[in-house]
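*Asks:*
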Amino acid sequence: MMSLRLPSRQELAYSVWWNLFLLTAGSALFAAGAQGIAVHHGFLTGGVYGTALLLWYGTGGFSPAAWYLLLNVPLFVLGWFCVGRRFFLYSLFGMLATTLFGEVLRFDFGITDQFYAAVACGVVCGAGGGMMLRSLGSGGGLDVVAVLLNRKWNIGIGRFGFVFNCVLFTASLATMQIDLVIASLIQVFIASVTLEHVLSLFNQRKVVFIISDRSRAISSEITSALKQGATVLQGRGGYSGDNREIVMTVTNNVQLKRLEELVFTLDAHALFIVENTFTVLGANFARRKVY
Numbered sequence: 001m002m003s004l005r006l007p008s009r010q011e012l013a014y015s016v017w018w019n020l021f022l023l024t025a026g027s028a029l030f031a032a033g034a035q036g037i038a039v040h041h042g043f044l045t046g047g048v049y050g051t052a053l054l055l056w057y058g059t060g061g062f063s064p065a066a067w068y069l070l071l072n073v074p075l076f077v078l079g080w081f082c083v084g085r086r087f088f089l090y091s092l093f094g095m096l097a098t099t100l101f102g103e104v105l106r107f108d109f110g111i112t113d114q115f116y117a118a119v120a121c122g123v124v125c126g127a128g129g130g131m132m133l134r135s136l137g138s139g140g141g142l143d144v145v146a147v148l149l150n151r152k153w154n155i156g157i158g159r160f161g162f163v164f165n166c167v168l169f170t171a172s173l174a175t176m177q178i179d180l181v182i183a184s185l186i187q188v189f190i191a192s193v194t195l196e197h198v199l200s201l202f203n204q205r206k207v208v209f210i211i212s213d214r215s216r217a218i219s220s221e222i223t224s225a226l227k228q229g230a231t232v233l234q235g236r237g238g239y240s241g242d243n244r245e246i247v248m249t250v251t252n253n254v255q256l257k258r259l260e261e262l263v264f265t266l267d268a269h270a271l272f273i274v275e276n277t278f279t280v281l282g283a284n285f286a287r288r289k290v291y
């Protein structure tokens, strides 16, 4: 009887169906926040969708989703020649899904307070955007241009988004009330924080440095008892000048306490240093996202 083998984390991350699921669910969540909250309060969401909302508020013509689609056309034409095909096709799917959900989702969350609406919209839109960026693509819009500029001229992706939103919100002052602009800024800030949390979900790691006279024994126990890798670095005491071996390992929040117990059981006088890290690529960890 054949046993069913579950895919590894790396295999799942590169699975077509998993990426389509992330893009579909993320685009639905983003569109729900934009159409169910932002539209009813006159907010801007930032990015290309925020530009679409600003055009819709000013003209009353096409729907925000239709403006979003039209604004993305030249961006994707440019992206076809400049970004990887896999990133392009996944992002095209994400953009079309966002457009479709933006057209069909026409409900109201029923939030009346402007501040509460800005917070809720930021959380929902940020969670949706984060889910899309956890895939091998994106929701289109600024992400395609940002990747292009980063590859061609080494312009930071986050920096480009910040500059674009500054221009967008400055332009919105000509047609929008200052209260709405400020509420929109609050929404965009909360969305960016939520997006970062979604991106770091299950990816947060701890880099641990252990300085001890029993570094070899500690390194051996880490690999045998905790089943995780360890690297022994060569160091030298700043005061004594004595050579020291420093154990470096990467772990998660679940294993951290076990690691701490292991180290101080072997050496009660060890120096145990923990640093947070956002991204760990290679080996048994995540694979590099190729655009």
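Going by the UniProt record's numbering, the sequence shown wraps up at 291, each residue one higher than the last.
Don't be surprised by glycine CBs; every beta carbon is placed ideally from N, CA and C.
In this text the structure is predicted, and so the values were computed from the model without any measurement.
Pull up the distance between the alpha-carbon of T45 and that of F264, whole angstroms please.
*Replies:* Taking the straight line from one Cα to the other gives about 49 angstroms.
*Asks:* Establish whether the CB of L100 and some CB of chain C are separated by less than 9 angstroms.
*Replies:* The structure shown contains no chain C; it is built from a single protein chain.
*Asks:* V119 to F87, Cα distance in whole Å?
*Replies:* When rounded, the distance between both Cα atoms is 30 angstroms.
*Asks:* Buried or exposed: P64, going by 16 or more other Cβ atoms within 10 Å of its Cβ?
*Replies:* Label assigned to P64: buried.
*Asks:* Does L201 pass the burial test, meaning 16 or more other C-beta atoms within 10 Å, or should it be called exposed?
*Replies:* With fewer than 16 other Cβ atoms within 10 Å, it is exposed.
*Asks:* Just mark R85 as buried or exposed, buried being the case when its beta carbon has 16 or more other beta carbons within 10 Å.
*Replies:* With fewer than 16 Cβ atoms within 10 Å of its Cβ, R85 is classed as exposed.
*Asks:* Taking the alpha carbon of R244 as the reference point, which residue from V250, T251, R236 has its own alpha carbon closest?
*Replies:* Ranking V250, T251, R236 by Cα distance to R244 puts R236 first.
*Asks:* Between the C-alpha atoms of M2 and I222, what's the straight-line distance to the nearest angstrom?
*Replies:* Residue placement at M2 is poorly supported in this model, since its pLDDT is 48, which falls under 50; the coordinates are not used for a value here.
*Asks:* Taking Cβ positions, are G137 and N19 nearer each other than 9 angstroms?
*Replies:* Cβ distance < 9 angstroms, so G137 and N19 count as in contact.
*Asks:* Tell me which residue opens and which closes the alpha helix (DSSP H) that M132 is part of.
*Replies:* Residues 114-133.
*Asks:* Which partner residues of V247 appear in the DSSP bridge assignment?
*Replies:* The partner list for V247 (beta bridge, DSSP) reads I210, V232.
*Asks:* Between the alpha carbons of V207 and E275, how many angstroms are there, rounded?
*Replies:* Looking at the two C-alpha atoms, the distance is approximately 5 angstroms.
*Asks:* Work out the CA separation of L23 and I186 for me, nearest whole Å.
*Replies:* Roughly 25 angstroms between the two C-alpha positions.
*Asks:* Which residue comes first and which comes last in the alpha helix (DSSP H) that contains T51?
*Replies:* That run of the alpha helix (DSSP H) goes 47-59.
*Asks:* Checking 9 angstroms against the spacing of the C-beta atoms, do A183 and F115 come in under that value?
*Replies:* Against a cut-off of 9 angstroms, the Cβ pair of F115 and A183 comes out as a contact.
*Asks:* Taking just the CA atoms, how far does F169 sit from F43?
*Replies:* Approximately 11 angstroms between the Cα atoms of the pair.
*Asks:* The ligand GDP and L142: does the residue's C-beta get closer than 8 angstroms to at least one heavy atom of that ligand?
*Replies:* This structure lacks the ligand GDP, and indeed carries no ligand of any kind.
*Asks:* Per DSSP, what kind of secondary structure is R86 in: helix, strand or coil?
*Replies:* Here R86 sits in helix by DSSP.
*Asks:* Inspect the CB distances between the region 244-260 and the region 208-227 and report whether three or more fall short of 8 angstroms.
*Replies:* With the cut-off at 8 angstroms, the region 244-260 and the region 208-227 touch.
*Asks:* What are the residues that DSSP puts in a beta bridge with R205?
*Replies:* DSSP, once it has assigned bridges, lists T277 as partnering R205.
*Asks:* What's the C-alpha gap between N72 and L54?
*Replies:* Answer to the nearest angstrom: the Cα atoms are 15 angstroms apart.
*Asks:* Exposed or buried, which one is Q35 when buried takes at least 16 other CB atoms within 10 Å?
*Replies:* Buried is the call here.
*Asks:* If you draw a straight line from the C-alpha of L149 to the C-alpha of V77, how long is it?
*Replies:* Looking at the two C-alpha atoms, the distance is approximately 15 angstroms.
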